Amino acid sequence: MVALLFGASSGIGYATAKLLVKKGYTVLNASRTQAAHSAIFNIACDVTKPGDIEHAVGYVLDSEKKIDVLIYAPGFSMATPIEFAQEEDYRYLFEVNFFGAIKAIQSVVPAMRETGGRIILISSLGSILPIAFDSFYSASKAALDMLAREANVELNPYNIHVTSFQAGPTATRFTFKRKIYPDSMCGQYAPELNKATSVLAGMEQSGMTAEENAAGIINVLEAKTPPILTSVGWKNKTVSLTQKILPVRMADWINKQQYLQ
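Position in the sequence shown (from 1) plus 86 gives the number in the numbering used here.
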């Protein structure tokens, strides 16, 4: 079995790649930074460049003749008021989090139509419960969720199944890579932004491990009928369920209390 992962040099992607190696997969990582594991083959790739994504997929198909699993894990986060967000930043965020996923899917589907396959997009619970002052991240992950749902409509007849894996707060270095706008760029929102960012960092660093998320991803891959939208852990599943039950205004009020009070 051949698995191609985008963004598997760290975090959930790297943890998943290591588990796939243990399960006997041929694992290839396409990212700007190499995965530090002797059994993971690295391909230099910047997901903001569609040509890099096409090259990575082409390389794997040339060398391995097939791709059974595609996992798209790159992510970029930025804490900023919507009013003062810089266009170059939010466009870059969507290139990494969403548009790269589209190109990856487009690149693997022609080959997967012949053999079937599994595609997993690493989303976030932020896709259903907005993260205060991280609106563009939440929006991009919500877009991934809908992309997965629609992709199944088109691809299930070819035995291709797409899952959006909604990761909850996870203790990785991603917390410390978040782009946070300085007070000088946040105007009157600075105090609230700093509070929300601090709360989010605490949630992440006290959350699940990357390995726990990776185990959940493997379960999805091994499921006879994989879920379209899923998360792992009882806390995350409870959050997901409550968002389906609570009225939007009530859910958003609770969310505001968590980040801003």
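The C-beta atom is built at its ideal place from N, Cα and C for all residues, glycine as well. As the structure is a prediction and not an experimental result, all values here were calculated from the model.
Original post:
How many whole angstroms separate the CB atoms of P255 and G293, which I take to be in contact at a CB cut-off of 8 angstroms?
Top reply: 3 angstroms
Subject >> Proximity of I153 and V107 at Cβ, strictly below 9 angstroms >> reply: no
Subject >> For I208, the first and last residue of its enclosing beta strand (DSSP E) >> reply: 203-210
Subject >> Segment contact, 8 angstroms Cβ cut-off, at least three pairs: the stretch 225-243 with the stretch 264-274 >> reply: no
Original post:
Do you know offhand how far A159's Cα is from T324's?
Top reply: C-alpha of A159 to C-alpha of T324: approximately 23 angstroms in a straight line.
Original post:
Residues in its own chain within less than 7 angstroms of E150 by CB, not counting five upstream and five downstream?
Top reply: The answer, listed in chain order, is V88, T112.
**OP:** In angstroms with no decimal places, state the Cα-to-Cα distance between W339 and L286.
**Re:** 17 angstroms
**OP:** Within its chain, find whatever has a CB closer than 8 angstroms to the CB of S163; leave out the 5 residues flanking it on each side and keep chain order.
**Re:** L179, D220, Y223, F260, K263, R264, K265
**OP:** Would you kindly check if the distance between the Cβ of A125 and the Cβ of A94 is under 9 angstroms?
**Re:** no
Subject >> Inter-residue spacing [alpha-carbon to alpha-carbon] between Y145 and I188 >> reply: 18 angstroms
Original post:
Going straight from the alpha carbon of K135 to that of G186, what length do you get?
Top reply: 8 angstroms
**OP:** With distances taken Cα to Cα, identify the nearest neighbour of T295 among L90, A101, L91.
**Re:** A101
Subject >> Run of the beta strand (DSSP E) containing H247, from where it starts to where it stops >> reply: 246-253
**OP:** Just the C-alpha distance for L307 and G288, rounded to the nearest angstrom, thanks.
**Re:** Their Cα atoms are separated by approximately 30 angstroms.
Original post:
Taking the continuous alpha helix (DSSP H) assigned at Y158, which residues delimit it?
Top reply: First-last for Y158: 155-158, but that is the beta strand (DSSP E), not the alpha helix (DSSP H).
**OP:** Helix, strand or coil for V318, going by three-state DSSP, please let me know.
**Re:** coil
Subject >> L156 and I206 closer than 9 angstroms at C-beta >> reply: yes
**OP:** With a threshold of 16 other CB atoms inside 10 Å of the CB of M336, please say whether the residue is buried or exposed.
**Re:** exposed
Original post:
Going along the chain, which residues of its own chain have a beta-carbon closer than 6 angstroms to the beta-carbon of V248, five neighbours each way excluded?
Top reply: I205, A234, A237, N238
Original post:
Quick one: is A121 buried, meaning 16 or more other Cβ sit within 10 Å of its Cβ, or exposed?
Top reply: buried
Subject >> For K310, the nearest candidate out of N245, F251, P333, P196 (CA to CA) >> reply: N245
Original post:
Taking the continuous beta strand (DSSP E) assigned at I340, which residues delimit it?
Top reply: In this chain, I340 is not harboured by any beta strand (DSSP E); it is covered by the alpha helix (DSSP H) spanning 334-346.
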